[in-house]
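Enquirer:
Numbering (the working numbering), first residue to last: 33 to 289.
Structure follows, in structure tokens:
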């Protein structure tokens with residue numbers, strides 16, 4: 033039996049399970065809110081064109097309207113000024129969109145402090161206990177934030193001092209970009225940076241360092257609690273928008289039962 037047949041047989045028998053890590057996309061999907069004077073993307077919306085009626089008697093179809101970085105989506109290198117000479121979302125290497133998934137659980141720390149920042153020492157300690165990160169891996173950071181995905185106010189956690197969601201220190205972002213042979217990083221929050229990352233140096237360091245190093249980010253993930261710390265495989269499937277800085281994506285994980 034070939035390797036592909038073995039995988040298909042494992043899926044057919046349920047020996048390998050598929051978990052959907054994608055948040056449903058609708059007009060209620062929580063989206064990033066940039067303060068003035070910056071411009072925001074449009075939220076997702078859907079308009080009926082026909083529904084088995086005169087405009088289309090045998091079919092139903094819609095127009096959709098959305099920004100690139102809405103819901104569960106990928107950030108391509110050209111999304112950030114540091115990656116401006118890099119790839120758009122249609123140019124991302126398919127081999128880097130499929131790979132090992134490593135889940136790092138910081139849900140307890142994030143519950144205690146919504147402004148919790150993951151630092152280099154946290155990742156070094158994880159590797160000391162679990163082993164090194166495999167090549168081409170996606171590091172998926174579980175913070176428990178997906179529990180707020182149905183509530184925009186709780187998800188963004190905004191007050192007069194900004195947005196309070198967990199993320200990474202600037203030092204950690206640089207270390208991930210420079211030292212790790214990975215494809216990208218995935219988070220449960222609205223963006224790959226902390227809510228108040230504008231105050232860090234450089235501002236939004238995960239965007240700055242990660243995308244500048246030809247690595248990718250995916251956001252608004254869910255169901256990371258269903259994955260093991262290591263041993264799962266991830267499939268990231270964004271729309272290949274020519275010139276796109278990002279795109280909504282369907283993100284799936286395969287796990288041996």
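Glycine included, every Cβ here is placed at the ideal spot set by N, Cα and C.
1. Assess, as a yes-or-no matter, whether the stretch 141-149 is touched by the stretch 218-230 under the definition of 3 or more beta carbon pairs within less than 8 Å.
2. Under three-state DSSP, which class holds residue 132?
3. Nearest-angstrom Cα distance between residue 216 and residue 87?
4. Curious, which full-length beta strand (DSSP E) runs of at least 3 residues does the stretch 155-229 contain?
5. Measuring CB to CB, does residue 99 end up less than 8 Å from residue 57?
6. Excluding five sequence neighbours on each side, which residues of the same chain lie with their C-beta closer than 7 Å to the C-beta of residue 276?
7. What is the rounded straight-line gap between the Cα of residue 206 and the Cα of residue 158?
8. Which whole-angstrom value is the C-beta distance of residue 184 and residue 62, which I expect to be below 8 Å?
9. Could you compute how far the alpha carbon of residue 71 sits from the alpha carbon of residue 125?
10. Within its chain, find whatever has a CB closer than 7 Å to the CB of residue 251; leave out the 5 residues flanking it on each side and keep chain order.
11. Taking the beta strand (DSSP E) that residue 51 falls in, what are its first and last residues?
12. Which residue's Cα is closest to the Cα of residue 283: 240, 94, 233 and 132?
13. Does the Cβ-Cβ distance between residue 239 and residue 112 come in under 8 Å?
14. Output needed for residue 193: all residues of its chain with C-beta closer than 8 Å, excluding positions within five of it in sequence on either side, in chain order.
15. When DSSP labels each residue in this structure, what does residue 240 get in the three-state scheme?
16. Figure out for me which residue from 212, 263, 55 and 162 has the closest Cα to the Cα of residue 241.
17. Please confirm whether residue 288 and residue 249 have their CB atoms less than 8 Å apart.
18. Any idea if residue 44 is buried or exposed, counting beta-carbon neighbours within 10 angstroms, 16 or more meaning buried?
19. Between 48, 182, 47 and 118, which lies nearest to residue 246 when the distance is taken from Cα to Cα?
20. Roughly how many angstroms separate the alpha carbons of residue 140 and residue 177, rounded to a whole number?
21. Looking at the secondary structure, which residues open and close the alpha helix (DSSP H) in which residue 139 lies?
Expert: In short:
1. yes
2. In the chain shown, residue 132 corresponds to position 100, counting from 1. It is a strand residue.
3. For the purposes of this step, residue 216 is identified with residue 184 of the chain shown, where counting begins at 1. For the purposes of this step, residue 87 is identified with residue 55 of the chain shown, where counting begins at 1. About 44 Å.
4. 169-174 and 214-219
5. Here residue 99 corresponds to residue number 67 of the chain shown, with the count starting at 1. Here residue 57 corresponds to residue number 25 of the chain shown, with the count starting at 1. Not in contact: residue 99 and residue 57 (Cβ atoms no closer than 8 Å).
6. If you number the chain shown from 1, residue 276 lands on position 244. The beta carbon of residue 276 lies closer than 7 Å to those of 100, 108, 120, 121 and 122 in the same chain, with the five residues before and after it left out.
7. Residue mapping note: residue 206 aligns to position 174 of the chain shown, counting from 1. Residue mapping note: residue 158 aligns to position 126 of the chain shown, counting from 1. Whole-angstrom Cα-Cα distance: 17 Å.
8. Residue mapping note: residue 184 aligns to position 152 of the chain shown, counting from 1. Residue mapping note: residue 62 aligns to position 30 of the chain shown, counting from 1. With a Cβ gap of about 4 Å, residue 184 and residue 62 count as contacting.
9. The count along the chain shown starts at 1 and reaches residue 71 at position 39. The count along the chain shown starts at 1 and reaches residue 125 at position 93. Straight-line Cα distance between these residues: approximately 30 Å.
10. Stepping through the chain shown from its first residue, residue 251 is reached at position 219. Contacts found: 104, 105, 219, 221, 222, 223 and 224.
11. On the chain shown, residue 51 is found 19 positions in, with the first residue counted as 1. Element bounds for residue 51: 48-52.
12. Numbered from its first residue, the chain shown carries residue 283 at position 251. Checked all of 240, 94, 233 and 132; the closest Cα to residue 283 is 132.
13. For this step, residue 239 is matched to residue 207 along the chain shown. For this step, residue 112 is matched to residue 80 along the chain shown. It is a contact, given that the beta carbons lie within the stated cut-off.
14. Taking the chain shown and counting its residues from 1, the one referred to as residue 193 is at position 161. Residues of the same chain with a CB within less than 8 Å of the CB of residue 193, apart from the 5 flanking positions on each side, are 228 in chain order.
15. On the chain shown, position 208 is the one that residue 240 refers to. Correct three-state label for residue 240: helix.
16. Your numbering for residue 241 matches position 209 in the chain shown. The option with the nearest alpha carbon to residue 241 is 212.
17. Locating residue 288 in the chain shown gives position 256, counting from the first residue. Locating residue 249 in the chain shown gives position 217, counting from the first residue. Against a cut-off of 8 Å, the Cβ pair of residue 249 and residue 288 comes out as no contact.
18. If you number the chain shown from 1, residue 44 lands on position 12. By the 10 Å Cβ count, residue 44 comes out exposed.
19. Taking the first residue of the chain shown as 1, we reach residue 246 at position 214. The residue with the shortest Cα to Cα distance from residue 246 is 118.
20. For the purposes of this step, residue 140 is identified with residue 108 of the chain shown, where counting begins at 1. For the purposes of this step, residue 177 is identified with residue 145 of the chain shown, where counting begins at 1. The alpha-carbon atoms of residue 140 and residue 177 are separated by roughly 11 Å.
21. Taking the first residue of the chain shown as position 1, residue 139 is located at position 107. Start and end: 139-144.
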